[in-house]
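Participant: The following block contains the structure, expressed as structure tokens.
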Amino acid sequence: MSLDGDRSIKGPPVDLNLEASSNPATEGRGPQREGWERFPWEKFSGFVVNEGSKRTGWTWEHGFDVRRHDGSSHWHLVNEHGIDDPTGKRPAKRAKISVAERLLADVTKPPEQAFVNRLIQSFNPVYFQQLLVDWITHDNISFRKVESPYFRRLMEYTNPTYAPFLPSHPTLRKWLVDEFNRHKGIVTKLLLSSPGLIHLSFDGWTSNNHKSLLGVVVHFLGPTGKLRQFTIRLPQQDSHGGVDIAEEVAQILAG
14 MSLDGDRSIK GPPVDLNLEA SSNPATEGRG PQREGWERFP WEKFSGFVVN
64 EGSKRTGWTW EHGFDVRRHD GSSHWHLVNE HGIDDPTGKR PAKRAKISVA
114 ERLLADVTKP PEQAFVNRLI QSFNPVYFQQ LLVDWITHDN ISFRKVESPY
164 FRRLMEYTNP TYAPFLPSHP TLRKWLVDEF NRHKGIVTKL LLSSPGLIHL
214 SFDGWTSNNH KSLLGVVVHF LGPTGKLRQF TIRLPQQDSH GGVDIAEEVA
264 QILAG
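Whatever position you read off the sequence shown (first residue = 1), add 13 for this note's numbering.
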């Protein structure tokens with residue numbers, strides 16, 4: 014069995030006799046790993062699922078990532094509790110608060126241990142990523158807002174499980190580009206199924222970071238007669254002159 018916490022811990026000898034999950038994508042990811050319902054929690058009082066786990070090595074196909082929640086973080090006052098080193102040699106870091114600590118739960122008691130584990134395992138990082146991307150897109154939020162310490166403190170206060178999955182702004186940008194590319198084929202199929210004419214509109218402007226952009230939007234009626242519209246390209250270009258716009262739109266249609 015694999016255990017993870019503030020230090021290496023050997024648990025009591027237990028024959029888990031658990032088969033590895035048939036889905037490699039869920040292996041070694043703590044809360045998302047399959048098979049937790051067969052884990053012998055009654056033999057591991059004070060342990061919970063490691064909510065911050067991102068382990069992906071092959072060894073985690075043969076174990077479960079848990080951590081001991083027994084207040085052991087007091088061993089490192091500077092790193093874990095933000096208490097300054099009086100010598101000034103080690104700057105304090107903000108304390109890391111687990112789900113159990115936030116809920117004031119005593120995980121040595123089976124009912125509270127089970128509740129904390131259910132809460133940790135109920136978090137779906139893929140769905141969280143989708144919700145975050147939707148918010149950024151629809152409310153026109155700056156990518157860098159996700160790096161705001163105030164935003165991160167708010168999210169971590171809501172549920173400490175979120176902390177390891179909050180992206181940097183380059184990662185968020187990649188998520189959005191991936192999402193755009195994923196929907197290209199879907200939009201193409203919708204355009205092919207349109208019973209009427211397809212219209213294009215475009216507009217050029219300069220962003221706050223001084224980039225010259227051209228937005229190209231497609232408008233059409235869907236199979237049920239509902240008006241649909243999608244942004245199909247947002248290229249950066251040197252000029253907003255008519256000739257430049259025409260050339261860009263022609264390339265989009267040709268592609």
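From the three backbone atoms N, C-alpha and C, an ideal C-beta is built for every residue, glycine too. Just so we're clear, the structure is a prediction, and the values are computed from it rather than from any experiment.
Report yes or no: do three or more beta-carbon pairs, one from the segment 189-197 and one from the segment 232-240, lie closer than 8 Å?
Facilitator: no
Participant: What residues are listed by DSSP as bridge partners for Trp148?
Facilitator: Against the sequence shown, residue 148 aligns to sequence position 135. Paired residues: none, contrary to the question.
Participant: Any idea if Pro183 is buried or exposed, counting beta-carbon neighbours within 10 angstroms, 16 or more meaning buried?
Facilitator: Within the sequence shown, numbered from 1, the residue matching residue 183 stands at position 170. Burial call: exposed.
Participant: By the three-class DSSP mapping on this structure, what secondary structure does Glu261 have?
Facilitator: As a position in the sequence shown, residue 261 is number 248, starting the count at 1. Note: Glu261 maps to helix in three-state DSSP.
Participant: Excluding sequence positions up to five away, which residues of its chain have a Cβ less than 7 Å from the Cβ of Gly228?
Facilitator: Here residue 228 is taken as the residue at index 215 of the sequence shown, counted from 1. Same-chain partners within the cutoff: Phe215, Asp216, Thr244 and Leu247.
Participant: Taking all protein chains shown into account, do 16 or more other C-beta atoms lie within 10 angstroms of the C-beta of Phe52, making it buried, or fewer, making it exposed?
Facilitator: Residue numbering aside, residue 52 sits at position 39 when the sequence shown is read from its first letter. Buried: at least 16 other Cβ atoms inside 10 Å.
Participant: Closer than 6 Å by C-beta to Gly209: which residues in its own chain qualify, once you throw out the five before and the five after it? Chain order, please.
Facilitator: The residue you call residue 209 lines up with position 196 of the sequence shown. Closer than 6 Å at the Cβ level, and outside the excluded window around Gly209, lie Leu234.
Participant: Exposed or buried, what is Val256 when buried is set at 16 or more other beta-carbons lying within 10 Å of its beta-carbon?
Facilitator: Sequence index remark: in the sequence shown, residue 256 carries index 243 (1-based). Answer is exposed; the Cβ neighbour count stays below 16.
Participant: Should Tyr140 be counted as a contact of the ligand GDP given a C-beta to heavy atom distance under 6 Å?
Facilitator: Ligands are entirely absent from the displayed structure, and the ligand GDP is therefore not among its contents.
Participant: Between the C-alpha atoms of Tyr163 and Val61, what's the straight-line distance to the nearest angstrom?
Facilitator: The sequence position of residue 163 within the sequence shown is 150, counting from 1. The sequence position of residue 61 within the sequence shown is 48, counting from 1. Cα to Cα, the separation comes out at about 28 Å.
Participant: Using only the alpha-carbon positions, how far apart do Arg166 and Leu240 sit?
Facilitator: As a working mapping, residue 166 is identified with position 153 in the sequence shown. As a working mapping, residue 240 is identified with position 227 in the sequence shown. Roughly 41 Å between the two C-alpha positions.
Participant: Using only the alpha-carbon positions, how far apart do Ile211 and Leu204 sit?
Facilitator: Looking up residue 211 in the sequence shown gives position 198. Looking up residue 204 in the sequence shown gives position 191. Those two C-alpha atoms are separated by around 8 Å.
Participant: If you follow the beta strand (DSSP E) that Arg241 is in, where does it begin and where does it stop?
Facilitator: In the sequence shown, the residue the question calls residue 241 occupies position 228. Taken as a continuous stretch (DSSP letters only), the beta strand (DSSP E) holding Arg241 covers Leu240 to Arg246.
Participant: Going by alpha carbons, who is nearest to Phe128 out of Gly238, Ile154, Trp54 and Leu226?
Facilitator: In the sequence shown, the residue the question calls residue 128 occupies position 115. The shortest Cα separation from Phe128 among Gly238, Ile154, Trp54 and Leu226 belongs to Trp54.
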